Each structure stands twice: as structure tokens, then as C-alpha cells.
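Quick notes on the structure that follows.
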Amino acid sequence: MDAIILQVLNGLDKGSAYALIALGLTLIFGTLGVVNFAHGAIFMIGAFVAVTLNRLLSLSYVTLDPSQKNFLGQPLEVKNAYVVSWFGDSFGNGLINWSVPIAIVVSIPVMLALGFAMERGLIKHFYHRPHADQILVTFGLAIVLQEIIKAFYGANPIPAPAPEAFRGSFDFGVWLGFRPNAIIYPYWRMVYFLFSGIVISGVFAFLRFTTFGMVVRAGMADRETVGLLGINIDRRFTIMFGIAAAVAGVAGVMYAPINSPNYHMGMDFLVLSFVVVVVGGMGSLPGAVLAGFLLGIVESFASMNEIKSIIPGIDQIIIYLIAILILLTRPRGLMGRAGVMED
Amino acid sequence: MMKINLNDKILMLIVTVVVLLAPFILQPFAEGTALAQFNAGYPDLLQRIVIFGIFAIGFNILFGLTGYLSFGHAAFLGVGSYSAVWMFKLLSMNVIPGILLAIVTSGLFALLIGWISLRRSGIYFSILTLAFAQMSYNLAYSVLTQFTNGETGLQIRLSDPRVLDGAATNGTLPSTNILPPSLVNGFEMRDTYQLHLGNWLFQFNTGYYVTAVILILAFYLSLRIFRSPFGLMLRAVKTNQTRLNYTGINTRPYTLAAFVISGMYAGLAGGLLAAMDPLAGAERMQWTVGGEVVLMTILGGAGTLIGPVLGAGFIKYFENIFSKINDTVLHHWFSFLPDGLQNFAVDLIHPFVGKGWQLTLGLIFMAVVIFLPGGLVEGSQKLAGLFRRRTKKTGGGPDEQHHPKTTPHVAE
Numbered sequence: 089m090d091a092i093i094l095q096v097l098n099g100l101d102k103g104s105a106y107a108l109i110a111l112g113l114t115l116i117f118g119t120l121g122v123v124n125f126a127h128g129a130i131f132m133i134g135a136f137v138a139v140t141l142n143r144l145l146s147l148s149y150v151t152l153d154p155s156q157k158n159f160l161g162q163p164l165e166v167k168n169a170y171v172v173s174w175f176g177d178s179f180g181n182g183l184i185n186w187s188v189p190i191a192i193v194v195s196i197p198v199m200l201a202l203g204f205a206m207e208r209g210l211i212k213h214f215y216h217r218p219h220a221d222q223i224l225v226t227f228g229l230a231i232v233l234q235e236i237i238k239a240f241y242g243a244n245p246i247p248a249p250a251p252e253a254f255r256g257s258f259d260f261g262v263w264l265g266f267r268p269n270a271i272i273y274p275y276w277r278m279v280y281f282l283f284s285g286i287v288i289s290g291v292f293a294f295l296r297f298t299t300f301g302m303v304v305r306a307g308m309a310d311r312e313t314v315g316l317l318g319i320n321i322d323r324r325f326t327i328m329f330g331i332a333a334a335v336a337g338v339a340g341v342m343y344a345p346i347n348s349p350n351y352h353m354g355m356d357f358l359v360l361s362f363v364v365v366v367v368g369g370m371g372s373l374p375g376a377v378l379a380g381f382l383l384g385i386v387e388s389f390a391s392m393n394e395i396k397s398i399i400p401g402i403d404q405i406i407i408y409l410i411a412i413l414i415l416l417t418r419p420r421g422l423m424g425r426a427g428v429m430e431d
Numbered sequence: 165m166m167k168i169n170l171n172d173k174i175l176m177l178i179v180t181v182v183v184l185l186a187p188f189i190l191q192p193f194a195e196g197t198a199l200a201q202f203n204a205g206y207p208d209l210l211q212r213i214v215i216f217g218i219f220a221i222g223f224n225i226l227f228g229l230t231g232y233l234s235f236g237h238a239a240f241l242g243v244g245s246y247s248a249v250w251m252f253k254l255l256s257m258n259v260i261p262g263i264l265l266a267i268v269t270s271g272l273f274a275l276l277i278g279w280i281s282l283r284r285s286g287i288y289f290s291i292l293t294l295a296f297a298q299m300s301y302n303l304a305y306s307v308l309t310q311f312t313n314g315e316t317g318l319q320i321r322l323s324d325p326r327v328l329d330g331a332a333t334n335g336t337l338p339s340t341n342i343l344p345p346s347l348v349n350g351f352e353m354r355d356t357y358q359l360h361l362g363n364w365l366f367q368f369n370t371g372y373y374v375t376a377v378i379l380i381l382a383f384y385l386s387l388r389i390f391r392s393p394f395g396l397m398l399r400a401v402k403t404n405q406t407r408l409n410y411t412g413i414n415t416r417p418y419t420l421a422a423f424v425i426s427g428m429y430a431g432l433a434g435g436l437l438a439a440m441d442p443l444a445g446a447e448r449m450q451w452t453v454g455g456e457v458v459l460m461t462i463l464g465g466a467g468t469l470i471g472p473v474l475g476a477g478f479i480k481y482f483e484n485i486f487s488k489i490n491d492t493v494l495h496h497w498f499s500f501l502p503d504g505l506q507n508f509a510v511d512l513i514h515p516f517v518g519k520g521w522q523l524t525l526g527l528i529f530m531a532v533v534i535f536l537p538g539g540l541v542e543g544s545q546k547l548a549g550l551f552r553r554r555t556k557k558t559g560g561g562p563d564e565q566h567h568p569k570t571t572p573h574v575a576e
């Protein structure tokens, strides 16, 4: 039992990332009808917002401390972060320590702006071109974004640590009444899961309970009629593109402490998130979330040693196998509406 | 439409001549001059250009004619490489059996993947092929390591049986050949004849000419496919598959045939890569390699005959040139400017050259997709049209009203 819960938990953090990216992809596809291959790059840029903020906050100047000596007997060079000297010891260090959560606040306007710029500057011109062209141009954009990041940050992964309070692991099993040390789970992964839950419910609540969301949902169902009612649906869809970018961005920010970001992490997640979208059903928001968590958990189960000993290598291909099976037997995916992109 | 006309013959002739004379054409600068580093006439690069040209020609038969956008063709390239290297290990270092096996296995693999993937079209087809490519990559990288040697890649060893060649006697690894050394000497793939003409050095490499001849054959085959009833049917699939279905035609056999043919081209390219350098690694199967052939085809001009070859040549040539431009070269170029401006110019260009080639490629690719959907071929036609327009009489174009625009079915 505890082994099963452990695998479910292990699947949750990757599943959360899949779900968040797939949610954004589906928002864009459902509203604008555009297949966005640059969405992984947005996720990657989000992670690099965390890295950048961490670097900015820990910018420091060097002073010589005569009271301490280094191994050569010379005065020790001490790095002093600017924020510490400006805001005092506790607050300044706190800022550095909490750089990743702060990066969420910073990233939302950044990603919204990026999303608006992408939609207005590029994707707007592709609504009336075939899907293949949309795929190609966003694929090109993904390459460009990723290479820009590589030019600035280099090819190696750069760590962006979580706040100290959330480093390390805790004994989750004891909370559920298992024997101690049965289920050890890192704090930050739990935080990531809870965070993704909040973001996902936020997006759903926004669509469900606000007038804006209602109009957007109406536009997703029948864009033309909503436009005929005198509503500027295009502007709302642009905003939804920004929101989708922001969702992927914060997903990236929070993912930075789990895996040190590198420039190609977006491409790595992109393929899997497309698979998730397809399994969930193209254009279905709950489907994307459900499939994201489901595939994350399935992947985690497939990587159990017991299962790998029966079918070697199954953990590497299980997600793709499921996607292929789903596409062949149920083209609309788990929760897709009938008639939407079923060919 | 369906006959090979004079234009095709001229195109075929141009391709043949250019490919055969490429060691001259791509070596325009004399040795020792500052521009000599931009020569591309050395065997390794030439072979790569030609091999990726073959890959792109094959991809174009699928994407250019039917409109099905596959991101998974890297898998066939990888399968081709692995089969060729296995042939080198087990049978002989002669490249012909290796290449034949590469074509056969990749064709069978393409038949399997195509049979499944072609049940869907549009975006689903792209994602299915993407999933298959990534699955093959994962399998080759970490699961089927007995066959692929995983991370290290499949290499030839001294201890390999090589039934036809007999045991290696001199203790060095044999190299690939086109005719067995026991019969005719000097037909190893890596043999190069060097020709000095004044300050110019031209290199004629056996391997290059083997691949060049194969490229010409591959190009001719694709020309025949383009002009055949089969090619016409594939174009019809691109234009409106639904209408074809309504007229009672089952399009699946045609698209599947196109998929298998393009997969075999990819396997051939993979086999040739292995023949050039008997090594096959899993990274050849990564979906980004499949993305690269997409870039080549689109950049050159999808659906045109010569486009893919142009695109492959363009990308591989400039990849090589750009990665050679480092800051020293840039400083040299801008040395006529005052110091401040010089540094500024160098800093400005720096991210786009050297290691930044991918960035430039991405930007070029986006520009092509946005402004020139027909690629380089359309670009040159437009340029030619600009000069021709003055002499052309009005009213030559098709009547807009009576030729409604086609609606592409795929990826809709």
C-alpha cells in the first residue's frame, strides 16, 4: 500500500508540470485554434525568470575582511549581496532565500507581456493559414527563444534553489498512519503539487465564475456568434493567450528548484505535453489536467523496479504507447467533445 | 503535367552537373587567403550536404506532395544507420549490402509506423510521428542496448566476424569500401584524390562520389514520382482528401506508399551516414533531427523538386561557415571601423555566429515561413518574376473567379 502511495506521489510533481503546460496549450488551442509549439519554450523562460531573479538578488560586491585570513594568509574576500547591505541582514537574506516564490510575482506580468507580444506580433497573422504553417512558425519561434536563452545563460543547467524552509524531505507516511520512513517525500514537490492545484482551480474558477470567462467559454463554443453579438472576442482571446503563457511561466518558475533549468528543458516537456493534450482530448481543459496527472502517475508506476523487471524499459515508452493507443481507439481523447478535431 | 518535359530534363542535367562538380564549385577561394576558411569543398561537408539532401528529398515526397507533416523521420535515419553498421559488423565492410539492408529495414519500420500513424491526419499525425520518434529514441538509448550499444553508439570492432571479409590481419580497424580492396585497391570510402591547380586545392573523395551518384539517382526517382499518376494522386490528397474519399478512392494506400518511400529515403541517408563513418548513435533518432529535415525542406521549398536539396545544402553549408566565424574573424572584418564602433559591431553580431548559428537558423526559418511559404525556390521565382514582369502581357494568370482557392485538408 505504501509503495503504491509513494508512486502516486512521485507521479504528482511531473504530472503537475504536464497538467499546467497542457492546460495552457489547450487554452490556446481551444480559443485561438492554434497549435503552439513554442509553449515549451515559454515554460523554459519561466524557469529562467526564477534563475534571473535569483542572480539579480544575489548580485554582490567584494570586500576584504582583515579579521579572516584565507589559506595564503591574505585577508579573505567576502561577497556582500547588495540587497543585504540595502535592506539589512534578515530581510536581505530572506529576499535571496525566497527568490523562487518572489519570481512567481515577477513572472506573471513578464509572461503576460510575452504572451501578448507573441499573439499580437506573430500568431495573429497565422489564423487563416493551415495548421502546418502554425506548427512550423511556432516551432521556429521555440528554436529562437531557446537559442536566445542559451546565448545569455550558456548550455549548462543553472540551479535556482527553493527557500531553505522547503529544502529536504519529510516523512509523509507518518501523517497517513504508516510506519515511519515508509514514504519520504521532498517538501518542494508537495509545494509544487499544491501550487499547481491552486493555479488550475484558479483558471477554472476564472472561466466558470467571471463574466469574462463566460464570454471566453461562449467564444470557444461558437466564436462567430459571440462576435455577432458585438463582443470583441479577439481581444479576449488575446488575453487568454497571455494567461496561458502565464500559467506555463509560473509552472516553469516553480519547477526550477526541482530540476535545474537548462535551455532545452522546454523541448523535452513539449513533446510530452502534446501527448498529454492528445490523450486528454484536444480542446478539453479538464481532459488536459486529468491526462497530465494520470500520465505522470502512470510513468511513475512504470519506473518501479517490480514492473521494469517484467517488461524492461517500459518506463521509457509507456506514455507514448498510451498516446498511440488512445489516438487509434478513441481519437477525441479521454474527455474531448465529439466532433472536435477527430480526423 | 505527367510527362517529363524539357524543363525537367534541364533541371536533371543541372543537378547532375552541379553535384558532380561540387568539389570545384564549393572551393572558390585559393589556399592561404583569408577567405579560404569559407571553402566547403572538403569531403566530409560535401558528403553531409548530399546525404541530408537525400533525406530531404525523401521527406519532401511525403510532406511536399501529400501535406502530411511528420516530425518522426529521424527514427528512420537512425534505423538505417544501425542496420548499416550491423551489416559492417557481421557481413562485410562493403557499403552496398549495408545500404541495401538500411533501405529494407527502414522501409519495414516505416510501413509499421505509417500504417498506424496514417489513420489520423493533420496535427494528430504530426504528434503520432513525434511520439513514435521519441519512443524509438528512448528504446535505442536505454532499452535495446544489445542492438544499439546505448549511449556509446554502435561501433565496428576488430573482433567482429565480418564473414565475407575474413579476419582482420593487420590489427587496425577496417574502413568502409565500395569495391573490396582484395579486388581493386583505392575504392575505400575515405580515399581522396587531391588536385593542386595553382593555389587551389581540390579534393575528390570516393565516398563523396558514391553518395553523389546515389543523390542523382534519388533525385531522378523523385522526379519520376512527381510526374507520375501516383504523384498526381498524392497532390490530390494534399489539395482535398475529403473530396477524394467522396469519389470513392481509398487514399490510405497512396499515403502509406508515400510514407514508406520517404522512410526508405531516410534509411538510405542513415545508411550513407554510417558508410561515411561506421558509427551509429541514438542521438540520430532524436526528434530534433526530424525537425531539422523539416527545416531543410521548408527552407528550400516544400513540394518543389529542387527545394529540399537546396535547403539541405543551404543549412549544412551555412552551419559550417557560421560556426567558423569567431570574434577574431569578426574583429578582422570590422577592423576598418574605429575601436568603439568595431567592438560594438562585433558584440552585435556575436550572438548570431559561431555557436549562435542555431539562433540565426531559427530566425531565417521563421522569416521563410512567414514571408515566403514556398521557400527559397519561391523566392528566386519571385525575383525572376520581378525582372520578367515588364515584358509580360496582362491577363496571363488564372481567372480568380473560376479557379476557387484550394482548401488544404491536412492539418486543418
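Sequence order for the protein chains is P and R. With the working numbering as the guide, the letters of the first sequence map in order to residues 89 to 431. With the working numbering as the guide, the letters of the second sequence map in order to residues 165 to 576. All C-beta atoms, glycine included, are put in the ideal place defined by N, C-alpha and C. These figures come from a predicted structure and were not determined experimentally.
Under the DSSP assignment, S148(P) falls in the beta strand (DSSP E) whose first and last residues are S148 to K157. When Cβ-Cβ separations below 9 Å define contact, F529(R) makes contact with chain P. The secondary-structure analysis by DSSP pairs H219(P) with nothing; it has no beta-bridge partner.
Of the candidates I389(R), G228(R) and Q405(R), Q405(R) places its Cα closest to the Cα of R284(R). About 5 Å separates the beta carbons of F266(P) and D90(P), which is inside the 8 Å limit, making them a contact pair.
Burial is judged here by how many other beta carbons sit within 10 angstroms of a residue's own beta carbon; H496(R) has fewer than 16 and is exposed. Secondary structure at D441(R): coil, using DSSP grouped into helix, strand and coil.
With its beta carbon at least 9 Å from every one in chain P, N404(R) lies outside the interface. For G271(R), no CB of chain P lies under 9 Å from its own CB, so it is not counted at the interface with that chain.
Segment contact: the region 285–294 of chain R against the region 395–407 of chain P, fewer than three CB-CB distances shorter than 8 Å; contact not assigned.
Between the alpha carbons of Q545(R) and L175(R) lies a gap of roughly 15 Å. The region 349–358 of chain P and the region 233–248 of chain P touch, with no fewer than 3 CB-CB distances between them shorter than 8 Å. Beta-bridge analysis with DSSP links Y301(R) to no other residue. Annotation: the continuous alpha helix (DSSP H) that includes Q310(R) extends over T309 to T312. By DSSP's assignment, Y357(R) forms a beta bridge with F368(R). The distance from the Cβ of I405(P) to that of L303(R) is about 6 Å, consistent with a contact at the 8 Å cut-off. The shortest C-alpha to C-alpha distance from L210(P) to any of V366(P), F254(P) and V122(P) is the one to V122(P). Counting the other Cβ atoms within 10 Å of the Cβ of E456(R) gives 16 or more, which makes it buried.
About 33 Å separates the beta carbons of R407(R) and A238(R), which is beyond the 8 Å limit, so they are not a contact pair.
Taking all protein chains shown into account, I189(R) has fewer than 16 neighbouring C-beta atoms within 10 Å of its C-beta and is therefore exposed. With the criterion set as a beta carbon lying under 7 Å from some beta carbon of chain R, the members of the region 220–234 of chain P are A220, D221, I223, L224, V225, F227, G228, L229, I231 and V232, in sequence order. DSSP, read as helix, strand or coil, puts F258(P) in strand. Out of A309(P), I93(P), F294(P) and Y170(P), the CA that lies nearest to the CA of G371(P) is found in A309(P). For V366(P), the enclosing alpha helix (DSSP H) starts and ends at M353 to G368. Listed as beta-bridge partners of Q191(R) by DSSP are no residues whatsoever. Within chain P, no residue has its beta carbon less than 7 Å from that of I263(R); the closest one is some 29 Å off.
By a beta-carbon distance limit of 8 Å, Q191(R) does not contact Y372(R). Their separation comes to about 12 Å. Under the three-state reduction of DSSP, I272(P) is assigned to strand.
With a 10 Å radius around the Cβ and a threshold of 16 neighbouring Cβ atoms, H127(P) comes out buried.
If the five residues before and after A194(R) are omitted, its C-beta is found closer than 6 Å to the C-beta atoms of N363 and W364, all from its own chain and listed in chain order. In the three-state reduction of the DSSP assignment, A306(P) falls in the helix class, which pools H, G and I.
Comparing alpha carbon positions, the residue from P218(P), V225(P) and N181(P) closest to P251(P) is N181(P). Residue pairing of P207(R) in beta bridges, as defined by DSSP: absent, with no partner found. In chain order, T452 make up the part of chain R whose C-beta sits under 8 Å from the C-beta of M355(P). Taking a C-beta distance under 9 Å as the contact criterion, V137(P) and G261(P) do not qualify as a contact pair. Look at V533(R): its C-beta is under 9 Å from a C-beta on chain P.
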